[in-house]
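Here's the structure, in structure tokens; my notes come after.
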Amino acid sequence: IVDNHEDIRSLRKKLLSTSRTTTRAGRSNLPTGRIRLGELVKNALEAKKLDLEKKLTSRLAGIITDVRKNRTFGDSMFANLAVLVDKSRQEEIYSTLSVFEAEQTGQVKIRCVGPVPPANFVELVITWDD
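Okay, here's the thing in structure tokens:
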């Protein structure tokens with residue numbers, strides 16, 4: 012993230028080189044700078060994760076029938092997808108995922124769990140009658 016974003020790199024460098032400076036009111040600027048740096052890194056990380064997810068789903072688009080996004084866990088997980096695929100195309104999914112992972116030059120590790128029942132693709136609507 013730092014290498015690819017000039018604004019993050021320059022703010023980080025400034026924060027590392029600056030000792031605690033004070034404003035006219037006598038408060039430190041360092042905590043504000045750190046917060047800003049954290050926000051920039053978080054936004055850049057989210058954008059990178061979204062970009063990777065879009066690349067992966069576009070790669071799978073011709074193979075899968077449907078896809079559902081599930082919640083991700085932690086900063087290192089860029090996507091948590093449930094894909095609905097015809098049984099005859101299972102091996103194609105596995106090979107496509109392997110190729111995608113290899114193209115990311117060690118920056119991505121893909122874990123595939125399945126086949127599993129299509130629970131992510133069922134929507135139940137329950138209404139209570141009086």
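Going by the working numbering, 81 is the number at position 70 of the sequence shown; the sequence numbering is gapless.
Beta carbons are placed, not taken as given, at the ideal position from N, Cα and C, and that holds for glycine.
Residue V78 holds the alpha-carbon nearest to the alpha-carbon of F132 among V119, G44, G125 and V78.
Residue burial annotation: L67 is buried, with at least 16 other C-beta atoms found within 10 angstroms of its C-beta.
Using a C-beta cut-off of 8 Å, the region 104-111 makes no contact with the region 49-58, since fewer than three inter-stretch Cβ pairs fall below that distance. For V94, the uninterrupted beta strand (DSSP E) segment begins and ends at L92 to L95.
Residue environment: I137 is assigned as exposed (fewer than 16 neighbouring CB atoms within 10 Å of its CB, all protein chains considered). Taken atom to atom, the span from the alpha-carbon of L26 to that of T116 is near 31 Å.
A residue is called buried when at least 16 other Cβ atoms come within 10 angstroms of its Cβ; I46 does not meet this threshold and is exposed.
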